[in-house]
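Here the structure is laid out as structure tokens; the discussion comes afterwards.
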Amino acid sequence: MLSEQFQELNVADFFYKNKDLVGFDSPHKATYMIVRELVENSLDACDGHRILPNVRVTLSKVEGEGNQERYHIKIVDNGIGVPLEAVPYAFGKVLFGSKYSMRQNRGTFGLGGKMSMLYGQITANSRVTITTSQGGSKIYTFELSTDIRTNTPIIYRREEADNKSHFRGVKIEFDFEGDYGKARDKIIEYFYETAMILPYAQLTFIDPNGTLLFYPRITEKMPNPPVETQPHPHGVDLELLKRMMAANPHTSLQVFLSKNFQRVGERTAKAFLKSNGFDPHMEVSQLSTKQLTKLVTALREYPDFLPPDPSCLSPIGEDLLKEGIKRLLSPEHVVVTTRPARAYEGNPFIVEVGIAYGGAVMPPDKPGKVQLYRFANKIPLLYDEYSDVSMAVIQNINWNQYKVKLDEAPIAFITHICSTKVPYKTAGKEYVAARPEVEREIDLAIKQAARELRVQLSRMERAEYRERRTEVLKKYLSMMASFSTFLAEKTKEPDVDLLLREGSTKKRRRGVLQMVDDPPDDKEGEEKDKA
Amino acid sequence: MERNTDRSEFARKALKDLGTSIYNQMIEGRFPEVMIPSRQTNNIYYDPKLEQYVLGDKKVVRSADNVKHVKPLAQLLWVARIGKELIDYDRVSTLRDLFYMSKNIDINFATQQESDEAVYDLEALLSMPRESFNIFPHDRGAIFGDLTVRYRVKGFKDSLINLTDNPDGVNIGPALDNAELVKTTADKVIAIEKGAIFIQMIREKVHEKFNAILIDTTGQASRSARLLIRRLNEELGLPVYILTDCDVWGAHISMVIISGSVNSAHITGLNTPSAKWLGFWPTDINRYKVPTMKMKELDWKRLAELKADPRYKEKFWKEQLDAFERLGLKAELEAFSSKNKSVSQTFLVETYIPEKLKELGAI
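Protein chains in written order, with my numbering: chain H, 6 to 536; chain A, 237 to 599.
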């Protein structure tokens, strides 16, 4: 009997063996993912620190091996930069965030572009060149790669220079195997939608064909960056609890809870512990496994904790959302709504929704198609549209009462979910699952926006109707003025403009046509006139 | 109407009054409004006193401040304007011609039906046939007999015409419609459905034999023909006898001359209530054994429609319709030729007509 050999699998190794699980399943998908990851990383480095983002991406084709299409990517941002000591570990080691705190982040795993660099290493044997400065007097350049077996950085080159141009930010370059031809549409769509959701970002993309895609910023307003908060008890799990307790083994349960979780003060902690049969003064290290499990369940289900603090979230805000939508969709009407912060399983989330109508927005080109732009944590979601919860919500709404025929209306929807943990259906997929709390908020948000749209449409209809009416009245009244003047054998025509401005619309109850003399001996006529 | 009223003058005045009314309203700063008698079926009644269909009291209000009304109102006034111009310039037009004329300005009649409706509205509003404002159908009908008329048309004024001058008869056209009826020696009118028989009757000197004025209606009598018949009856006191084929269509031709058509319910003064159907009656079929034909599906259908018409409930008409139903037969006037003594002496003129006139107390 052969015994199986177990090897420790580190994160880099894991990625190496399972790239497709996290979205790098084909050269063209990988090309898209790399651009995306790097851009998101740069954006986080900017708007997470109140810096108006300038991100420039250049993608060019280089000589590859055999049939391989090989590309060189370069991305420059004006973000906060990376401190010198952190560079090797920030870029050469695959780390998960290990803090016990919550904050809205871009990116599915918070890996900060490292999967992309690993991919370049694996498919093109490429090293990564990083140039960075935090705006100080020095600027640093590193050339490195990751030792996959040990998940440690290998530094090939390290240079220091004077930061004459006062650069602040990061520049990353590496090669990888890709397929721009197939990825092009998605990459362009990605920039387009990113520009929509971030009207304060300046985005530049130069593609292998030399084509320039440029989105200037149209505003300098930015939303407040998210603030790190402590975890909420509803979102706790056994592993997290264990780690937190290991850091402070001798604290009492009551103090431990009140100090490590948001929305739990000493009094709440005491009440919670007592109602669940725990001794508030017990030391955390004394808890048995069975008790720990019970504690986890009790924390998740206790109804009397206040809902999570949403300051760890950073929604776009209605003004910016409107501006972004207006710039890119040029609609005649825009309505945006923001729902209040809610939570699912201790994870706070906020839903923001926009509806664009008319103007340059076209009706769907096929029945059943819905124009939907989906965003989560300020990043566009471009795949699996029809599996997404937002699409399901839109299709299930009865649009008749909002004066919209979904198959014919020139309407586009924009949904944005921001959360400390966006409920994606599966890792690496780009659609949001139909969690009831989230689904409900999206539904309410869209309906709210639809109601406002309906008001605007009615107003527009009425204004159009008034205009048309005046046009029609003027045309035919002018004719009537001319004809009646002729018939009456007068010379001066009545003033139609005056009539339209000031004419009385009170109806005369009596008949208008009055013969001046009755026709001679028309006895039958007389009978009729009297009738 | 008074004898020899110049209907053109009458119409011109009515049109001017209409224009003045609209004009005054607009000058006074009001959106003009007219109230037109409704021509809808639910407003058409049979008036037993007048012995014709008339319009009830329902009126259609058109207000120029209503975006749905202002276009038909403008269209109505346009027709009025054209009418006045036609009278002023002594010109005539037709419904179709009017539709084409409308293309000259932006009055936007979508179809001729729309422009026809505008004309009917004006007729209803002024209660006069469009012939009064010189919009005529194509000529239908002819007249022959000792009647002297004077035309009012420019260029023909003051010329006296006698209606025996032309052996084919004279078209009942627009000029005759508004002519002065000066004098006659006739003491009755015989209206005949078929043109061929009309000519025959002229050749057989029916007008002299029976001292009649002959009118060829050419099927259903035109309004001008009906108006002329009425004038002969009213202004010259001549009784009227109508001669048609023996079928439900002929019966109705007579009925329309006597009591008007539903379509013209909005215009009175076109019928001759005292006119009589001379023949060929279905109750004559068994008296005069002439070749007959079986009634066809269309005839039966029409018979059913007439039976529903209140005018046919009167004793004489009911009898005749019952006879049609009982016999299921119809016959043409030409059928009498099967009994002609000779080509120049027809049974129709020698026997049938005098016997029927006697029957009705005409001679």
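Heads up, the beta-carbon is just placed ideally off N, CA and C, and yes, glycines get one too.
8 Å CB neighbourhood of aspartate 413/A in its chain, flanking five on each side removed: Hits under 8 Å: Arg243, Glu367, Phe372, Ser460, Leu463, Leu464.
Closer than 8 Å to chain A by CB, lysine 512/H: For lysine 512/H, the predicted model reports a pLDDT of 45, less than 50, meaning its position is unreliable; a value from the coordinates is still stated below. Yes, contact with chain A.
Boundaries (first-last residue) of the beta strand (DSSP E) holding leucine 417/A: Membership of leucine 417/A in the beta strand (DSSP E) is indicated by the continuous run 416 to 420.
Selection from Val260/H, Thr302/H, Gly270/H that minimises the alpha carbon distance to glutamate 288/H: The option with the nearest alpha carbon to glutamate 288/H is Val260/H.
Close beta carbons around asparagine 352/H, own chain, < 6 Å, minus the five adjacent residues each side: Cβ-Cβ distances below 6 Å link asparagine 352/H to Gly240, Ser424, Thr425, Lys426 in the same chain, with the five nearest sequence neighbours on each side left out; the list follows chain order.
Residue closest to tyrosine 195/H, alpha-carbon to alpha-carbon, out of Ile402/H, Leu333/H, Glu444/H, His338/H: It is Leu333/H whose Cα lies nearest to the Cα of tyrosine 195/H.
Phenylalanine 266/H, enclosing beta strand (DSSP E) - first and last residue: Per DSSP, phenylalanine 266/H belongs to no beta strand (DSSP E) and is neither H nor E.
C-beta neighbour in chain H for lysine 223/A, strict 8 Å: For chain A, the structure presents residues 237 to 599; residue 223/A sits outside this window and is missing.
Of the listed residues Arg108/H, Ile192/H, Ile78/H, Ala35/H, nearest to tyrosine 124/H (C-alpha basis): Checking every option, the nearest Cα to that of tyrosine 124/H belongs to Ala35/H.
Cβ of arginine 474/H within 8 Å of any chain A Cβ: Any Cβ of chain A closer than 8 Å to the Cβ of arginine 474/H would place that residue at the interface, and such an atom is present.
Segment limits, beta strand (DSSP E) that includes lysine 295/A: That run of the beta strand (DSSP E) goes 295 to 299.
Beta-bridge partners of glutamate 178/H, as assigned by DSSP: Beta-bridge pairing links glutamate 178/H to Lys79/H, Thr134/H.
DSSP state of tyrosine 205/H mapped onto helix, strand, coil: Coil, per DSSP.
Any chain A beta carbon closer than 8 Å to alanine 486/H: Closer than 8 Å: yes.
Closer than 8 Å to chain A by CB, alanine 468/H: Not one chain A Cβ lies under 8 Å of alanine 468/H.
Cutoff 7 Å; reference valine 306/A; Cβ partners in own chain excluding five residues on either side: Ala300, listed in sequence order.
For tyrosine 588/A, the three-state DSSP class (helix, strand or coil): Three-state result, tyrosine 588/A: helix.
8 Å CB neighbourhood of aspartate 481/A in its chain, flanking five on each side removed: Glu429, Lys430, Phe516, Lys566, Ala567, Glu568, Leu569.
N- and C-terminal bounds of the beta strand (DSSP E) containing methionine 271/A: For methionine 271/A, the enclosing beta strand (DSSP E) covers residues 269 to 273.
Integer Cβ distance of proline 273/A from alanine 360/A, believed to fall under 8 Å: Alanine 360/A and proline 273/A do touch by the CB rule: their CB atoms are close to 5 Å apart, below 8 Å.
Cβ contact check for the stretch 481 to 497 of chain A and the stretch 434 to 447 of chain A: 3 or more pairs under 8 Å: With a cut-off of 8 Å, the stretch 434 to 447 of chain A and the stretch 481 to 497 of chain A do not count as touching, because too few Cβ pairs lie within range.
Residue from Leu539/A, Lys424/A, Glu550/A with nearest C-alpha to isoleucine 599/A: Nearest option by C-alpha distance: Lys424/A.
Beta strand (DSSP E) runs contained entirely in the stretch 349 to 390 of chain A, provided each spans 3 or more residues: Listed in chain order, the complete beta strand (DSSP E) runs (minimum 3 residues) inside the stretch 349 to 390 of chain A are 378 to 380, 383 to 386.
CB contact below 8 Å: glycine 496/A versus chain H: Among the CB atoms of chain H, none fall inside 8 Å of the CB of glycine 496/A.
Amino acids of chain A, ordered along the chain, whose beta-carbon sits closer than 8 Å to that of threonine 490/H: The answer, in chain order, is Gly255, Tyr259.
Where valine 517/H sits in the DSSP three-state scheme: With a pLDDT of 35 at valine 517/H, under the threshold of 50, the modelled position of that residue is not reliable, and the figure given next carries that caveat. Coil at valine 517/H, not helix or strand.
Coil, strand or helix - lysine 226/H by DSSP: Note: lysine 226/H maps to coil in three-state DSSP.
CB contact flag (proline 478/H, methionine 262/A, <8 Å): Inspection of the sequence shows that residue 478/H is occupied by leucine rather than by proline. Cβ atoms of leucine 478/H and methionine 262/A: not closer than 8 Å.
Alanine 544/A burial status per 10 Å Cβ neighbour count (16 or more: buried): The Cβ neighbour count for alanine 544/A, taken over all protein chains shown within 10 Å, is under 16; the residue is labelled exposed.
Cα-Cα separation, leucine 358/A to aspartate 342/A: So the two alpha carbons sit approximately 20 Å from each other.
Unbroken alpha helix (DSSP H) run spanning serine 460/A, endpoints: Counting along the chain, the unbroken alpha helix (DSSP H) around serine 460/A starts and ends at 459 to 471.
Beta-carbon separation (whole angstroms), arginine 111/H vs valine 81/H, contact threshold 8 Å: Between valine 81/H and arginine 111/H the Cβ distance is about 18 Å, and since that is not below 8 Å, they are no contact.
DSSP state of valine 341/H mapped onto helix, strand, coil: In this structure, DSSP gives valine 341/H an extended state, which the three-state scheme calls strand.
From Glu306/H, Thr63/H, Leu278/H, residue whose alpha carbon lies closest to that of glycine 215/H: Minimum Cα distance to glycine 215/H is reached at Thr63/H.
Buried or exposed (CB count within 10 angstroms, at least 16 for buried), glutamate 238/A: So glutamate 238/A ends up on the exposed side.
N-terminal and C-terminal residue of the beta strand (DSSP E) that histidine 421/H is part of: Segment 416 to 424, the beta strand (DSSP E) holding histidine 421/H.
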